[in-house]
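Encoded as structure tokens, the structure appears first; notes follow it.
Protein chains: 10
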Amino acid sequence: MPSSPKSILETFDNPHPDRAYEIEHIAPEFTSVCPKTGQPDFGTIRLIYVPAALCVELKSFKLYLQSFRNRGIFYEDVTNRILDDLVAVLQPQRLTVISEWTPRGGLRSTIRCHYPT
Amino acid sequence: MPSSPKSILETFDNPHPDRAYEIEHIAPEFTSVCPKTGQPDFGTIRLIYVPAALCVELKSFKLYLQSFRNRGIFYEDVTNRILDDLVAVLQPQRLTVISEWTPRGGLRSTIRCHYPT
Amino acid sequence: MPSSPKSILETFDNPHPDRAYEIEHIAPEFTSVCPKTGQPDFGTIRLIYVPAALCVELKSFKLYLQSFRNRGIFYEDVTNRILDDLVAVLQPQRLTVISEWTPRGGLRSTIRCHYPT
Amino acid sequence: MPSSPKSILETFDNPHPDRAYEIEHIAPEFTSVCPKTGQPDFGTIRLIYVPAALCVELKSFKLYLQSFRNRGIFYEDVTNRILDDLVAVLQPQRLTVISEWTPRGGLRSTIRCHYPT
Amino acid sequence: MPSSPKSILETFDNPHPDRAYEIEHIAPEFTSVCPKTGQPDFGTIRLIYVPAALCVELKSFKLYLQSFRNRGIFYEDVTNRILDDLVAVLQPQRLTVISEWTPRGGLRSTIRCHYPT
Amino acid sequence: MPSSPKSILETFDNPHPDRAYEIEHIAPEFTSVCPKTGQPDFGTIRLIYVPAALCVELKSFKLYLQSFRNRGIFYEDVTNRILDDLVAVLQPQRLTVISEWTPRGGLRSTIRCHYPT
Amino acid sequence: MPSSPKSILETFDNPHPDRAYEIEHIAPEFTSVCPKTGQPDFGTIRLIYVPAALCVELKSFKLYLQSFRNRGIFYEDVTNRILDDLVAVLQPQRLTVISEWTPRGGLRSTIRCHYPT
Amino acid sequence: MPSSPKSILETFDNPHPDRAYEIEHIAPEFTSVCPKTGQPDFGTIRLIYVPAALCVELKSFKLYLQSFRNRGIFYEDVTNRILDDLVAVLQPQRLTVISEWTPRGGLRSTIRCHYPT
Amino acid sequence: MPSSPKSILETFDNPHPDRAYEIEHIAPEFTSVCPKTGQPDFGTIRLIYVPAALCVELKSFKLYLQSFRNRGIFYEDVTNRILDDLVAVLQPQRLTVISEWTPRGGLRSTIRCHYPT
Amino acid sequence: MPSSPKSILETFDNPHPDRAYEIEHIAPEFTSVCPKTGQPDFGTIRLIYVPAALCVELKSFKLYLQSFRNRGIFYEDVTNRILDDLVAVLQPQRLTVISEWTPRGGLRSTIRCHYPT
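Residue numbers (this note's numbering), protein chains in the order written: chain A, 3 to 119; chain B, 3 to 119; chain C, 3 to 119; chain D, 3 to 119; chain E, 3 to 119; chain F, 3 to 119; chain G, 3 to 119; chain H, 3 to 119; chain I, 3 to 119; chain J, 3 to 119.
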């Protein structure tokens, strides 16, 4: 994995920057690797944001998420990092990332991060 | 496509203008064309508004939505434009447009615009 | 149809007038006629109210709704009229009427009226 | 039916009286008799409360609800009475009773009572 | 059962302690024993919290929940105790425990506890 | 009601008469009147057939079903009559009519007729 | 309970005796009493039959089912008896009775009887 | 529209021609135009086949279905034509085409064609 | 665990031994222990049988299933053993046992056994 | 990827080889790579078999499926290969593999293979 997957993210100019409207993208095919067991994790990443000057380009967002495919990273960490990367690139008015994970050991987990906190 | 699809929209007098009540129309058969790939996009347009003096006539609203059938336009743009056109024609007390799109590249998107912001 | 279907509505004394509690009746078998096309419309009428001194008697409410069976009337109009009639007869603390209509021309509509506005 | 079904209700000491927490019991097998037609009514009773010093014992609550099995009583009345009886016995911080009834004459009804109002 | 199942719980350092984000773990395979009848109870435990310095380690949380497998304890008690143990170990910003139980005697129960109250 | 609603049904030539294929039309907005109580009945009519030389025209089929709107007729009778009328007009290879009725008196009914028996 | 609830069942002449068609009535509001515990049982009775000369009249079928309301009888027994009574009265071409019961002790039961076996 | 949309379909060699296995492709975004009203129709095309020497290439199948986007054609006709085209190009062991259409005039239609009949 | 949990099973005389009818009991609260990992397994046991002279008594069947609560046994083994025990005790005309297990390692399993094979 | 992922599969002795019973394992977290676009594919693998002398060990089956994670292979091919590998290792009485894939280009695909054909 590249040291900076954030550089994969591309943007385009918000066509209606004068209006505070909401954009939601749901990616149900997210997969990464558990750093403890080496086993793959599967989940859904949900991004909701109000753009300022920039919107995230969909294909680059998909490739950005795919960059985690073979990377070992915990639930809590990956969710916060995706939020950090998107906030850095988009500088949005507000932005939420939610990750919902398929069960492990009978436990089903969800992590929810917001910007600004 | 005509330069001004807004002109397709017809109205009728609100039969109960003294009461702030809510009207919702859901159009699950919306289709337009992706300007980048040329492939058709499919989605549901959800309109919710509180009328002032005018209501939108249903058949003209359907024809208005059909005018996007062969037009190349992005998710964010089409949602804001439908809101702009309806606000211009109806001058409502408040109005919301939500577009929900079938998955592309494994990503499912939703755009939500409100008037007044 | 009688000129005043409101007269069909019967009431009984609220057995617990000292408490502000909520009563909901859902009538999924409502049908009227479109005044434009002459075709039957089908929908669900949802009544939610907090009674004052009077409650609406169920059988008379059913007969009241049936009085619209062969009457030509628009979605927005019928919803507001049912609210007007019930408010006149019950003089409730608050009352809501919601009509949800089966699709016409691919469009699914819902009207929501509240008293007091 | 005994003149006071309330006496059937038993209580036990709230094991954590220092914390305002919520208890919900849903009884989908409630049945009583319509006093007008003599036909059985069927519904679900939903009890939600924040206990003070006492909790309702589950088996006694079940038997209390069964005491309505052959009793003629209207929807609005039975819901308020269950609330009155539980409030008298439990003296809770707050308490809600909701009754949801299977359709009669094509109409589906729900009654919602709260303490304090 | 050990006198202190709380000691089973392990923690790890919150990787993003500067952000107030939410973690949810749902355990649909919880089972304990009814102290009155000796029969097993089955339910789902839902934990939602905003971490401060510490997060609960998933495997230890699973083992902690399993420690109730053969223990006689009431619904209200077990829910409050899980909350007490997690609050003592994690010292979170806020924390909720919800237990939802499969029907007993036709009654379906849910208990909801919050910290801080 | 006209003495022969069957005359409302129109047909068009089967465009692929050489192939035994199946056509299904579902009409969830059927309503007639109970001859015993005078109350409206509501149901769904499901037509499944393999055409021979003729197909039923959709709009005429809708108008045919609407001709029962104010007619008093029993469940068993209306289902068999629709089958009889369609068989007479279409002379199909095989044809099924199923009527599913909304509950009356807590009873939900379905009638299924086939041609040939 | 009368010694012969079967006598409650009324019939009417099959309006289309020349065709082997199917009639289904679903009664989701059945209740009887467990002869062992004295507690009420709740279930759904499903009747499917092909009539010969007679059909069962709906209201009498409902009253027949209500005659079990306060009667102590086991799942297996009640299902077979309903089948026996209906076969005796209707002498149908074929007839099925299925009873589906709400959970008791965590166990959900279904009984299915057919005539002819 | 080209006179022969069939020419859009591309194939690839069946990688396991020795085994009779089943391939299903579901296209929920099909749209064509009603030749009578000029209004767009929307539906789902379901293709199920057992390949012989050839399989249909997915992208070409999508483009083939898109070629109907602005074409006026009836439900019964389009379903049979898709079957004819696919049978001509693939020469499969067996092949089914099912079209399910969104409601028009309150009627929901499904067409099912099989090869060999 | 006793060496022979089969001895827990009690029976009662089939009240209608002359008719081949079907009895189904579904137990969604089954739990045993994985003999490899020592972790609890959770599943649903589904029993379907046609009785001969004997029926299984429900409470004893529940206790029989509970006897596996702390026993280490594989999915395939427990399903076959339950079938063997029930066949030995009931000597039924036919009997099926199906076990459906909650996911382990992302894999969801079901075992189905029939008597006679 | 190893040249022979089949070698990952481990087996254990069927504990009840005298009975023809059915084992089903569902793996909803399967992912491989499209050899044409290089994009990841996601799907569910469903395995149903009747064992002869051997059963597949669950953990090795999971690791076997994970060996496709970064491998470029078509839907039709991977489904047939999984069937071939399992048949070679288990020599079962009968075995089915079904792969269900998340939508690509608006098309949802399913492949079904059986042994023996």
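Positions of the beta carbon are idealized from the N, C-alpha and C atoms, including for glycine. Fair warning: this is a prediction, and the values are worked out from it, not measured in the lab.
Minimum C-alpha distance to residue i - residue among the options
i: Arg-114 of chain A; options: A:Ile-47, A:Gln-68, A:Leu-65 and A:Leu-56; result: A:Ile-47
i: Ala-54 of chain G; options: G:Thr-119, G:Ser-9 and G:Asp-20; result: G:Asp-20
i: Phe-60 of chain B; options: B:His-116, B:Arg-110, B:Ser-111 and B:Thr-13; result: Looking at the sequence shown, residue 60 of chain B is not Phe but Leu. Out of B:His-116, B:Arg-110, B:Ser-111 and B:Thr-13, B:Thr-13 has the C-alpha closest to the C-alpha of Leu-60 of chain B.
i: Tyr-77 of chain B; options: A:Val-91, A:Ile-75 and A:Val-58; result: A:Val-58
i: Tyr-23 of chain D; options: E:Ser-101, E:Ala-22 and E:Lys-8; result: E:Ser-101
i: Lys-38 of chain G; options: G:Thr-112, G:Val-99, G:Ser-9 and G:Arg-73; result: G:Arg-73
i: Val-91 of chain A; options: A:Tyr-51, A:Thr-119 and A:Cys-36; result: A:Tyr-51
i: Pro-7 of chain C; options: C:Pro-30, C:Arg-71, C:Leu-109 and C:Val-35; result: C:Arg-71
Same chain, Cβ closer than 6 Å to residue i, five either side skipped, listed in chain order
i: Phe-44 of chain F; result: Thr-33 and Thr-104
i: Gln-41 of chain G; result: none
i: Pro-4 of chain E; result: Summary for Pro-4 of chain E: the model assigns pLDDT 48, below 50, so the residue's position carries little reliability; its value from the coordinates is reported in the next sentence. The answer is none, since no qualifying residue turns up.
i: Ile-28 of chain A; result: Arg-48
i: Glu-31 of chain E; result: none
i: Cys-36 of chain J; result: Asp-43
Residues that residue i bridges to, as DSSP identifies them
i: Val-99 of chain C; result: C:Leu-49 and C:Cys-115
i: Leu-109 of chain H; result: H:Arg-106
i: Ala-29 of chain F; result: F:Ile-47
i: Leu-56 of chain G; result: G:Asp-15
i: Val-35 of chain B; result: B:Pro-42 and B:Gly-74
Chain-order list of residues whose beta-carbon lies under 8 Å from that of residue i (same chain, five-residue window excluded)
i: Val-89 of chain E; result: Leu-97 and Tyr-117
i: Asn-16 of chain I; result: Pro-53, Ala-54, Ala-55, Leu-56 and Cys-57
i: Thr-112 of chain I; result: Ile-100, Ser-101, Glu-102 and Trp-103
i: Val-80 of chain H; result: Ser-34, Phe-70 and Ser-101
i: Ile-75 of chain H; result: Ser-34, Val-35, Pro-37 and Arg-83
Cut-off 7 Å between Cβ atoms - residues of its own chain near residue i, not counting five sequence neighbours on either side
i: Pro-94 of chain F; result: Tyr-51, Val-52, Pro-53 and Ala-54
i: Ile-25 of chain J; result: Tyr-51, Pro-53 and Cys-57
i: Ile-10 of chain A; result: Ser-62, Leu-65, Tyr-66 and Ser-69
i: Leu-109 of chain F; result: none
i: Thr-119 of chain B; result: none
i: Gly-107 of chain H; result: none
i: His-18 of chain I; result: none
Exercise for the section: Check whether the stretch 84 to 94 of chain D touches the stretch 56 to 71 of chain D, taking contact to mean three or more Cβ pairs, one atom from each stretch, closer than 8 Å. Expected result: Under the three-pair Cβ rule at 8 Å, the stretch 84 to 94 of chain D counts as touching the stretch 56 to 71 of chain D.
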